[in-house]
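Enquirer: Residue numbering for the sequence shown follows my numbering, beginning at 1 and increasing consecutively. Each residue gets a CB set at the ideal place from its N, CA and C atoms; glycine is no exception.
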Amino acid sequence: MTGFSSEWLSLREPFDREARGVAAQSLKLPALGARLRGADPRSTLSVLDLACGTGANLRELAPRLGGSQQWTLVDHDPRLLEELPVVLAAWTRPNGFVFRAEATCMHIEGPGWNAKVQPQCIDLALEFDTVPLAGQRLVTASALLDLVSASWLDALFARVSAAGAAMLFALNVDGRVAWDPPVAGDEEVNRLFALHQHRDKGFGLALGAEAAGFVVGRLQVMSYDVARAASDWCINAIEDAQALVMLAAMVEGMGAAAIEQDPTARSSVNDWMQGRSRVLGKTRLRIGHQEIVAA
Ligand SMILES: C[S@@+](CC[C@H](N)C(=O)[O-])C[C@H]1O[C@@H](n2cnc3c(N)ncnc32)[C@H](O)[C@@H]1O
């Protein structure tokens, strides 16, 4: 369950972007970027993105953080890392940014910001000690925390705090799932899906939807100044053809996870999938997410 296809990442990205755009206003990211640079506004802000996938977190944060930036993008999936130059180049073109790829790094220039980007293939579960934390000013991850365990996060927080870096964790599911219209079986599938989220994804028993609350509690105890903002997915198939594709993928994925969690529920989960498919074109789904910034 640690394989994420680039198709799924690109399908979810517009919904991630919309959700994070709302949250970004209250998180005041340009001010965070300026604060992390300290006295010299021209200094380079070093950012480490854990479990980067195809770079969605950089696309979201780099223009908002502003100024000169150096990104280290870490993932364990070499196929996703190989796609980075193509995906980043495709993002820069319509936005009018300048993109240049070299053998081991990429450079992007936008209005008021520029970033040097270096990918690294590291398994965050098995090779955690090799993650380059020294010298980082900001450690970030999007859509990762539900996959990891409490002990893995404690080890991360100890290293990040020793490095003196701030943290920004985006798109942390918080367990709120609201289907409109409801159909029979919603609650049962939501319950099984939530249980499935706690399965070990390589990092120990996963925190699933409890990750956001755990992280806030731990970082406050460590005396970080913690801010959070809702970044809910609002997927509305009534207004948006892309939302219909996203919802179909979610019904399939949640149904498959529910059956894997409880094979005896196969028949009722199949009924739920059929019921959901019948109303797909008039469905709205809200999935609760939280953004967390600790500095
Ligand atoms: C839900 S995706 C999020 C990707 C990206 N951050 C985004 O927001 O689009 C989870 C990412 O975690 C990565 N991942 C899962 N297990 C990992 C591990 N043990 N080490 C490094 N990356 C891992 C996957 O390859 C995938 O890119």
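Check whether the stretch 99 to 117 touches the stretch 11 to 23, counting contact only when three or more Cβ pairs, one atom from each stretch, lie closer than 8 Å.
Expert: No, they do not touch.
Enquirer: If the criterion is Cβ atoms closer than 8 Å, does the pair glycine 202 and alanine 143 meet it?
Expert: Working through the sequence shown from its first residue, we reach residue 202 at position 202. Working through the sequence shown from its first residue, we reach residue 143 at position 143. Against a cut-off of 8 Å, the Cβ pair of alanine 143 and glycine 202 comes out as no contact.
Enquirer: For the beta strand (DSSP E) containing glutamine 118, name the first residue and the last one.
Expert: Taking the sequence shown and counting its residues from 1, one reaches residue 118 at position 118. First-last of the beta strand (DSSP E) with glutamine 118: 113 to 121.
Enquirer: Are the Cβ atoms of valine 139 and alanine 165 separated by less than 8 Å?
Expert: As a first step, residue 139 is located in the sequence shown; it is residue number 139 there, counting from the start. As a first step, residue 165 is located in the sequence shown; it is residue number 165 there, counting from the start. Yes. Within cutoff.
Enquirer: Out of curiosity, what's the CA-to-CA distance linking glutamine 69 and arginine 37?
Expert: Counting from one through the sequence shown, the residue named residue 69 turns up at place 69. Counting from one through the sequence shown, the residue named residue 37 turns up at place 37. Straight-line Cα distance between these residues: approximately 10 Å.
Enquirer: Are at least three pairs of beta-carbons, each pair with one atom in the stretch 240 to 253 and one in the stretch 42 to 57, less than 8 Å apart?
Expert: Because the criterion of three Cβ pairs below 8 Å is not met, the stretch 240 to 253 and the stretch 42 to 57 do not touch.
Enquirer: Identify whether glutamate 291 lies in helix, strand or coil by the three-state DSSP scheme.
Expert: Translated into positions along the sequence shown, residue 291 becomes position 291. Reduced to three states, the DSSP call for glutamate 291 is strand.
Enquirer: Closest by CA to aspartate 232, which one among Leu145, Val22, His289 and Leu29?
Expert: Counting from one through the sequence shown, the residue named residue 232 turns up at place 232. Residue His289 is the option with its Cα nearest to aspartate 232.
Enquirer: Where do the ends of the alpha helix (DSSP H) carrying cysteine 280 lie?
Expert: In the sequence shown, counting from the first residue as 1, residue 280 sits at position 280. The sequence given here has leucine at residue 280, not cysteine. No alpha helix (DSSP H) holds leucine 280; DSSP gives it neither H nor E.
Enquirer: Do valine 173 and isoleucine 292 come within 8 Å of each other at the CB atom, strictly closer than that value?
Expert: In the sequence shown, counting from the first residue as 1, residue 292 sits at position 292. In the sequence shown, counting from the first residue as 1, residue 173 sits at position 173. No, Cβ-Cβ distance for isoleucine 292 and valine 173 is not below 8 Å.
Enquirer: Quick one: what's got a C-beta closer than 8 Å to glutamine 220's C-beta in the same chain, skipping five residues either side?
Expert: Position 220 of the sequence shown, counted from the first residue, corresponds to residue 220. Cβ neighbours of glutamine 220 beyond the five flanking positions: Val226.
Enquirer: Decide yes or no for the touch test of the stretch 168 to 187 against the stretch 78 to 97: beta carbon pairs closer than 8 Å, at least 3 of them.
Expert: Contact between the stretch 168 to 187 and the stretch 78 to 97 is absent, because fewer than three Cβ pairs lie under 8 Å.
Enquirer: Decide if the stretch 150 to 159 is in contact with the stretch 266 to 282; the criterion is three or more beta carbon pairs, one per stretch, under 8 Å apart.
Expert: No: fewer than three Cβ pairs fall under 8 Å.
Enquirer: Compare the beta carbon distance of alanine 150 and histidine 196 with 8 Å and say whether it is the shorter of the two.
Expert: Here residue 150 refers to the residue found at position 150 of the sequence shown. Here residue 196 refers to the residue found at position 196 of the sequence shown. It is not a contact, given that the beta carbons lie outside the stated cut-off.
Enquirer: Starting from serine 46, follow its DSSP beta bridges and name the residues at the other end.
Expert: Along the sequence shown, one-based indexing puts residue 46 at 46. BP columns for serine 46 point to Gln70.
Enquirer: Return the CA-CA distance between leucine 73 and alanine 184, expressed in angstroms with no decimal places.
Expert: Counting from one through the sequence shown, the residue named residue 73 turns up at place 73. Counting from one through the sequence shown, the residue named residue 184 turns up at place 184. The straight-line gap from Cα to Cα measures roughly 42 Å.
Enquirer: Which residues does DSSP list as the beta-bridge partners of cysteine 105?
Expert: Counting from 1 along the sequence shown, the entry for residue 105 is found at position 105. In DSSP, cysteine 105 forms no bridge with anything.
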